[in-house]
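Visitor:
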Ligand code: HEM
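Residue numbers (our numbering): 9 to 202.
Have a look at this one:
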């Protein structure tokens, strides 16, 4: 009750911040996934492009993680949406659109697994790193469903355009990857990098 009272008197600023961080995090994550999938093509082109693709892919992933952290911190403090820390880090007793929010929590787990495996890349077997890295696709799918189902802006034309363009681009690249393998790498030095 106190929470509802506080919410009616509070400014909606944090609610805007939660949504802005969510959308920015989603777009950044999409770009990171797209660049990750373009790496094999960049590797076959030239070393400089390959390096640029790698560094941008890594930087966008870190930026996406920071924006997602911002989405969750602002959600925690937002008086309009009564989330506890437990609701945010576990899929339990979600106070708002439970199914949509649970998908967000699982997406968070997948993203954390991708980040941890990347930081531990040199300490774990390559196959394990690769398997965990592929969770990035799972995260993308879960986050897209989460955003569409939970978001207040999902029916707005700009959000439909963002979800449509993101899912279309990632879906297209997945099909390309499955059915059209890049030719031999330009040089052994570039080809050797993963
Ligand atoms: C893991 C990464 C996550 C990403 C990239 C993400 C992204 C998004 C996006 C794009 C929206 C739609 C925003 C809009 O339409 O304005 C959204 C909404 C929302 N998210 Fe997340 N989310 C993530 C995780 C989570 C988690 C773990 C929770 C809480 C447990 C959560 C709770 C919410 C809520 C409550 C909304 C609805 C906000 C509103 O529009 O009123 N999200 N999120």
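Built from N, CA and C at the ideal position, the CB exists for glycine as well.
Let me know the secondary structure DSSP gives residue 106 once reduced to three states.
Guide: Helix, per DSSP.
Visitor: So, is residue 188 buried or exposed, given that buried needs 16 or more other C-beta atoms within 10 angstroms?
Guide: exposed
Visitor: In three-state terms, what does DSSP make of residue 80?
Guide: helix
Visitor: Pull up the CB-CB distance for residue 108 and residue 169, whole angstroms please, since I reckon it's below 8 Å.
Guide: So it is not a contact: roughly 20 Å between Cβ atoms.
Visitor: Using a Cβ-Cβ cut-off of 6 Å (strictly less than) and excluding sequence neighbours within five positions of residue 129, which residues of its own chain qualify?
Guide: Correct list, in chain order: 137.
Visitor: Given a threshold of 16 other Cβ atoms within 10 Å of its Cβ, counted over all protein chains shown, does residue 164 qualify as buried or as exposed?
Guide: exposed
Visitor: If I'm right that residue 72 touches residue 36 with Cβ under 8 Å, what's the distance once you round it to whole angstroms?
Guide: 4 Å
Visitor: Counting pairs of beta carbons, one from the region 88-98 and one from the region 61-70, are three or more of them closer than 8 Å?
Guide: The answer is no - the region 61-70 does not touch the region 88-98, with fewer than three Cβ pairs under 8 Å.
Visitor: Got a sec? Which residues, its chain only, sit under 6 Å from residue 86 by beta carbon, not counting five neighbours each side?
Guide: Here residue 86 has 22, 23 and 26 as same chain residues with Cβ atoms under 6 Å from its own Cβ, once five neighbours each way along the sequence are excluded.
Visitor: Based on Cα-Cα distance, which residue from 160, 186, 152 and 161 lies nearest to residue 174?
Guide: 152
Visitor: Could you have a look at residue 65 and say whether DSSP puts it in helix, strand or coil?
Guide: helix
Visitor: Between the Cα of residue 179 and those of 161, 141, 122 and 145, spot the shortest distance and give me the residue it belongs to.
Guide: That would be 145, whose Cα lies nearest to the Cα of residue 179.
Visitor: If contacts are defined as beta-carbon pairs under 8 Å, then residue 141 and residue 125 qualify, I think. What distance do you get, rounded to the angstrom?
Guide: 6 Å
Visitor: For residue 186, is the classification buried or exposed, using 16 other Cβ atoms within 10 angstroms of its Cβ as the cut-off for buried?
Guide: Residue 186 comes out exposed.
Visitor: How many Å lie between residue 162 and residue 32 at the Cα?
Guide: Annotation: residue 162 to residue 32 spans about 14 Å, alpha carbon to alpha carbon.
Visitor: Specify, as a first and last residue, the run of the alpha helix (DSSP H) that residue 36 falls within.
Guide: For residue 36, the enclosing alpha helix (DSSP H) starts and ends at 21-53.
Visitor: I need the straight-line Cα distance from residue 122 to residue 143, nearest angstrom please.
Guide: Distance from the CA of residue 122 to the CA of residue 143, rounded to the nearest whole angstrom, comes to 6 Å.
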